[in-house]
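Protein chains in written order, with this note's numbering: chain D, 358 to 706; chain G, 3 to 347. Glycine included, C-beta positions come from ideal geometry on N, C-alpha and C.
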Amino acid sequence: MANKLISEMGLPKSIANVFSARNILTAKDASSLSEFELMELMDVGLEEVMAAVLRISEISCPPYQTALSLLEQRNHNEYLAGHLPTGLIGLDEALCGGIPFGVVTEFVGPSGIGKTRFCLKLALLASLPTSHGGLGGRVIYIDVESKFSSRRHGSTGRILVLQPASLSEFTESLQKLKVSLLQHDVKLLIIDSMTALPSGEYGQGPPKLGWHISFIKSLAECCRIPVVVTNQVRSQVRDEASRYVFQGHVRADTLEDTSKVEYHLVAALGIHWAHAVSIHLVLESRSGKRLIKIAKSSISPSLGFFFRIDASGISFLNNEGEEMTGPEANSIHCQGQSGIINYGHEALQ
Amino acid sequence: MDVSSLPISPSHRGKLISAGYSSLSSLSSLSPSRLALDLKISENEAVEILKVASGRSGQDKIESGSRAIVNGAQTAWDMLHEEESSKCITTSCSNLDEILGGGIHCKEVTEIGGVPGIGKTQLGIQLAVNVQIPAEYGGLAGKAVYIDTEGSFMVERVLQIAEACAQDMLEYNTLLRRDLVDKQPKSFLDNIFYFRVCTYTEQIAVINYLEKFLSEHKDVGVKVVIVDSITFHFRQDFEDMALRTRLLSGMALKVMKLAKKFNLAVVLLNQVTTKFVEGSFQLTLALGDSWAHATTNRIILYWNGNERRAFIDKSPSLPSASSPYTVTGRGIRNSTSNCKRVKLM
Numbered sequence: 358m359a360n361k362l363i364s365e366m367g368l369p370k371s372i373a374n375v376f377s378a379r380n381i382l383t384a385k386d387a388s389s390l391s392e393f394e395l396m397e398l399m400d401v402g403l404e405e406v407m408a409a410v411l412r413i414s415e416i417s418c419p420p421y422q423t424a425l426s427l428l429e430q431r432n433h434n435e436y437l438a439g440h441l442p443t444g445l446i447g448l449d450e451a452l453c454g455g456i457p458f459g460v461v462t463e464f465v466g467p468s469g470i471g472k473t474r475f476c477l478k479l480a481l482l483a484s485l486p487t488s489h490g491g492l493g494g495r496v497i498y499i500d501v502e503s504k505f506s507s508r509r510h511g512s513t514g515r516i517l518v519l520q521p522a523s524l525s526e527f528t529e530s531l532q533k534l535k536v537s538l539l540q541h542d543v544k545l546l547i548i549d550s551m552t553a554l555p556s557g558e559y560g561q562g563p564p565k566l567g568w569h570i571s572f573i574k575s576l577a578e579c580c581r582i583p584v585v586v587t588n589q590v591r592s593q594v595r596d597e598a599s600r601y602v603f604q605g606h607v608r609a610d611t612l613e614d615t616s617k618v619e620y621h622l623v624a625a626l627g628i629h630w631a632h633a634v635s636i637h638l639v640l641e642s643r644s645g646k647r648l649i650k651i652a653k654s655s656i657s658p659s660l661g662f663f664f665r666i667d668a669s670g671i672s673f674l675n676n677e678g679e680e681m682t683g684p685e686a687n688s689i690h691c692q693g694q695s696g697i698i699n700y701g702h703e704a705l706q
Numbered sequence: 003m004d005v006s007s008l009p010i011s012p013s014h015r016g017k018l019i020s021a022g023y024s025s026l027s028s029l030s031s032l033s034p035s036r037l038a039l040d041l042k043i044s045e046n047e048a049v050e051i052l053k054v055a056s057g058r059s060g061q062d063k064i065e066s067g068s069r070a071i072v073n074g075a076q077t078a079w080d081m082l083h084e085e086e087s088s089k090c091i092t093t094s095c096s097n098l099d100e101i102l103g104g105g106i107h108c109k110e111v112t113e114i115g116g117v118p119g120i121g122k123t124q125l126g127i128q129l130a131v132n133v134q135i136p137a138e139y140g141g142l143a144g145k146a147v148y149i150d151t152e153g154s155f156m157v158e159r160v161l162q163i164a165e166a167c168a169q170d171m172l173e174y175n176t177l178l179r180r181d182l183v184d185k186q187p188k189s190f191l192d193n194i195f196y197f198r199v200c201t202y203t204e205q206i207a208v209i210n211y212l213e214k215f216l217s218e219h220k221d222v223g224v225k226v227v228i229v230d231s232i233t234f235h236f237r238q239d240f241e242d243m244a245l246r247t248r249l250l251s252g253m254a255l256k257v258m259k260l261a262k263k264f265n266l267a268v269v270l271l272n273q274v275t276t277k278f279v280e281g282s283f284q285l286t287l288a289l290g291d292s293w294a295h296a297t298t299n300r301i302i303l304y305w306n307g308n309e310r311r312a313f314i315d316k317s318p319s320l321p322s323a324s325s326p327y328t329v330t331g332r333g334i335r336n337s338t339s340n341c342k343r344v345k346l347m
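Written out as structure tokens, the structure is:
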């Protein structure tokens, strides 16, 4: 939409010519300038400029629909109104049917907790035919950490595995995906994991994955498929960057007594990524049991479910789930974590 | 007053100056045909120039102390009347409504920001539903425009909140033993106009197009425009920060104009970022300091221990206060915890 050519917008000939003479060729170029700037640049009166800008905006503006027609469309066109059931009843109920289409769902947790198991489960489920509760389509599994072993986890011809070895390969595969998603009837995209590549290469904090974030989101939306990503954790001092100016400062004594400071693990990739993800499922271990919490979701309350992984797969201990209160839902506890990673904060030493 | 400050195209300005018209007073008693002859332009263009010039010099008259009524101004008394009689959009949480002075006000731009997961989209959806509450229940009976830049608008959730709102209205019915309008949840969804925006160009285009949209739908009565969120497309990889500031302030002015012209409320949802302040990193709303001046009201949603709270960070008329709220299956509601007191800061 942003790259729509002004020459094709049906503006009056004279002004369209002026636009192209001044090298303002796309809608994006025109919106980057204010009306006064355009007037100066094109040497045209203000009223004409405003009329032209209005016309360009009207055309490059996305179409609107009422929320009702959106709902009806989803109900009509999509499997279960746009959800992939996970087979775990409590979770499916909390998520109004399952992992939603068109948005990015994230599994975050420390290593070994079961994120890849969840991904594999979803991959298998999606590849099943619709008569068996699946989506009946292909699955693209981007396996960054090379954990996918079809020998161990079962295989079907419908799961396509990509194993990019570097960030640039990853970027390339993402770009090519856009076309293949539609061509090959892909119903699910899994990226396991988002953080493995960058930390391997740079080793100093999360690099800018800004483009990747928007691209993955746009893939999810225009193809209306669920996108599942996994995310690792990194240590962070609890009170760092979690307060606003008006909340006052952390009392000095709590910082000095390091034994009292809780080290909460925070998902890598930072707060920017956290805003882009729509559903946040946090996995952690608590008193020896594994727990999956719905940390951020606009359609479900904060619930947590204890689960276990055994030879037959993942199962919930209790389908009702427990209420997770407060910001605890967003933080990850990891017991038995020895060796605290120093985040470079002076006070900790 | 100088001709060079008139908003006309450079070539016209150049012609005016070379023809000897350097001040506005020289244009004040000129006829269009005379001007057209002097500048060698068409008469229509001359009329345009004179219109612009007279608009400007109208302001001059005020400076010289004449009794001419200023075009478009209102007396403060009229404004007070208007404000007192205007209704607010309730947030369904009475504590929050209290610190907001009744709710979200029309003719104002309110910015709401917070960390992910605090409930910004929830509040946005709640407002989009609440604006439709009929006048008999104290609402505005208006429609909503929801501009989604992040894709966080989940239709299932809107349905949940709409159902809860309809249920609340039914309860109200039975309490007052009146047989008022019975709204179906789905009719709530029918009154929310949803725009999905994928780039900043589209975001600017929507804001520009909204004026036309609102004029066309004037009888329909859109009373709230919610942008969720304004930040998203301006954060990633925006190389030219000066351009960003310009675009954002342009957008802020336009939405303010829309709010005033169509008498509606504009709600902008914002994200957070960290800022290095006084020796440590603190949370602050994104888009920088220059944006902070652009909106009328600023509300920050934050965690205080285990409860969610809303804080009035900036408002021309409300005191700084914070109040708790919760997000339930039915939408935004009062928090049921013990420490419910509204804290004045």
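Self-check item: Neighbouring residues, chain G, relative to Leu425 of chain D (Cβ below 7 Å)
Solution: Lys188, Leu191 and Asp192
Self-check item: With 16 other Cβ atoms within 10 Å as the buried cut-off, status of Thr536 of chain D
Solution: The sequence shown places Val at residue 536 of chain D, rather than the Thr named in the question. Exposed.
Exercise. Confirm the yes/no value for this check: CB of Trp305 of chain G, any heavy atom of the ligand FAD, distance under 7 Å.
Key: For the structure depicted, the ligand FAD is absent and the ligand set is empty, with no information on it obtainable.
Quiz item: By how many angstroms is the C-alpha of His569 of chain D removed from the C-alpha of Pro563 of chain D?
Solution: Its pLDDT being 49, under 50, Pro563 of chain D is placed unreliably in this model, and the coordinates cannot settle the point.
Quiz item: Cα separation between Ala168 of chain G and Ala254 of chain G?
Solution: Between Ala168 of chain G and Ala254 of chain G, the C-alpha separation is close to 34 Å.
Quiz item: Should Lys214 of chain G be flagged as near chain D, meaning a C-beta pair shorter than 8 Å?
Solution: yes
Quiz item: So which of D:Gly670, D:Val586 and D:Gly678 has the shortest CA-CA distance to Gly661 of chain D?
Solution: D:Gly678
Quiz prompt | is_contact[Ile656 of chain D, chain G] using C-beta, thresh 8 Å | solution = yes
Self-check item: Simplified DSSP state of Arg246 of chain G, which is helix, strand or coil
Solution: In the three-state reduction of the DSSP assignment, Arg246 of chain G falls in the helix class.
Quiz item: Mind pulling the beta strand (DSSP E) runs of 3 or more residues that sit fully within the segment 76-127 of chain G?
Solution: 111-116
Quiz item: Going along chain G, which residues have a C-beta under 8 Å from Asp400 of chain D?
Solution: Neighbours of Asp400 of chain D in chain G, taken as residues whose beta carbon is under 8 Å from its own, are Ser11, Pro12 and Ser13 in chain order.
Practice problem: Please list the partners that Met396 of chain D has in chain G, where partner means a Cβ-to-Cβ separation under 9 Å. | Solution: Against chain G, the beta carbon of Met396 of chain D has neighbours under 9 Å at Pro9, Ile10, Ser11 and Pro12, listed in chain order.
Self-check item: Which listed residue (G:Glu158, G:Glu138, G:Glu45 and G:Met81) has its alpha carbon closest to that of Ser426 of chain D
Solution: G:Glu158
Quiz item: Beta-carbon of Pro369 of chain D versus every beta-carbon of chain G: anything under 8 Å?
Solution: Chain G places no beta carbon closer than 8 Å to that of Pro369 of chain D, leaving this residue out of the contacts.
Quiz item: Listed in chain order, which residues of the segment 412-424 of chain D have Cβ atoms closer than 9 Å to some Cβ of chain G?
Solution: Ile413, Ser414, Glu415, Ile416, Ser417, Cys418, Pro419, Pro420, Tyr421, Gln422, Thr423 and Ala424
Quiz item: Since Arg300 of chain G meets chain D, which of its residues come closer than 9 Å, beta carbon to beta carbon?
Solution: Ordered by position in chain D, no residue passes the 9 Å Cβ test against Arg300 of chain G, which lies about 11 Å from the chain.
Quiz item: Can you give the beta carbon distance from Val501 of chain D to Asp549 of chain D, rounded, assuming they're within the 8 Å contact cut?
Solution: 6 Å
Exercise. Step through the CB atoms of chain D and report whether any lies within less than 8 Å of the CB of Asn210 of chain G.
Key: Chain D contact via Cβ: present.
Quiz item: Using the beta-carbon count (16 or more within 10 Å), is Gly557 of chain D buried or exposed?
Solution: In this prediction, Gly557 of chain D scores a pLDDT of 45, lower than 50, which makes its location untrustworthy; no coordinate-derived value is stated.
Quiz item: Excluding five sequence neighbours on each side, which residues of the same chain lie with their C-beta closer than 7 Å to the C-beta of Lys262 of chain G?
Solution: Lys109
Quiz item: Between the segment 385-393 of chain D and the segment 424-439 of chain D, do at least 3 Cβ pairs fall closer than 8 Å?
Solution: no
Self-check item: CA-to-CA distance, Lys17 of chain G to Leu41 of chain G, given in whole angstroms
Solution: 6 Å
Self-check item: Distance, Asn46 of chain G Cα to Leu403 of chain D Cα
Solution: 14 Å
Quiz item: By the criterion of Cβ-Cβ separation under 7 Å, what are the contact partners of Arg600 of chain D in chain G?
Solution: Gln284 and Leu285
Exercise. Could you tell me which of G:Pro321, G:Ala323 and G:Tyr327 sits nearest to Asn308 of chain G, measuring between CA atoms?
Key: G:Tyr327
Quiz prompt | Bridge partners - Leu660 of chain D, DSSP secondary structure assignment | solution = D:Glu680
Quiz item: Are the C-beta of Val594 of chain D and some C-beta of chain G separated by less than 8 Å?
Solution: Note that Val594 of chain D scores 48 on pLDDT, short of 50, meaning its location in the model is unreliable and no value can be drawn from it.
Quiz prompt | Complete alpha helix (DSSP H) runs within the segment 383-460 of chain D (minimum length 4 residues, chain order) | solution = 384-388, 392-399, 403-417, 424-434 and 446-451
Quiz item: My guess is that Ala146 of chain G and Cys418 of chain D are in contact by the Cβ rule of under 8 Å, so how many angstroms apart are they, rounded?
Solution: Their Cβ separation, rounded to whole angstroms, is 17 Å, which puts Ala146 of chain G and Cys418 of chain D out of contact at 8 Å.
Quiz item: Quick one: does Phe197 of chain G have its CB under 8 Å from some CB of chain D?
Solution: yes
Self-check item: Close Cβ partners of Asn432 of chain D (< 6 Å) along its chain, the five nearest in sequence each way excluded
Solution: Scanning its chain for C-beta atoms nearer than 6 Å, with the 5 sequence neighbours on each side dropped, one finds around Asn432 of chain D the residues Ala438, in chain order.
Quiz item: Hey, Arg600 of chain D and Gln284 of chain G: beta-carbon distance below 8 Å or not?
Solution: yes
Quiz item: Taking 8 Å as the CB-CB limit, is Ser154 of chain G close to chain D?
Solution: yes
Quiz item: Three or more C-beta pairs closer than 8 Å, one from the segment 295-307 of chain G and one from the segment 138-156 of chain G: is that the case here?
Solution: no
Quiz prompt | Where Leu674 of chain D falls, given that 16 or more other Cβ within 10 Å makes a residue buried | solution = exposed
Practice problem: Return the residue from the list G:Thr92, G:Ser7, G:Arg332 and G:Pro118 that minimises the CA-CA distance to Gly57 of chain G. | Solution: G:Ser7
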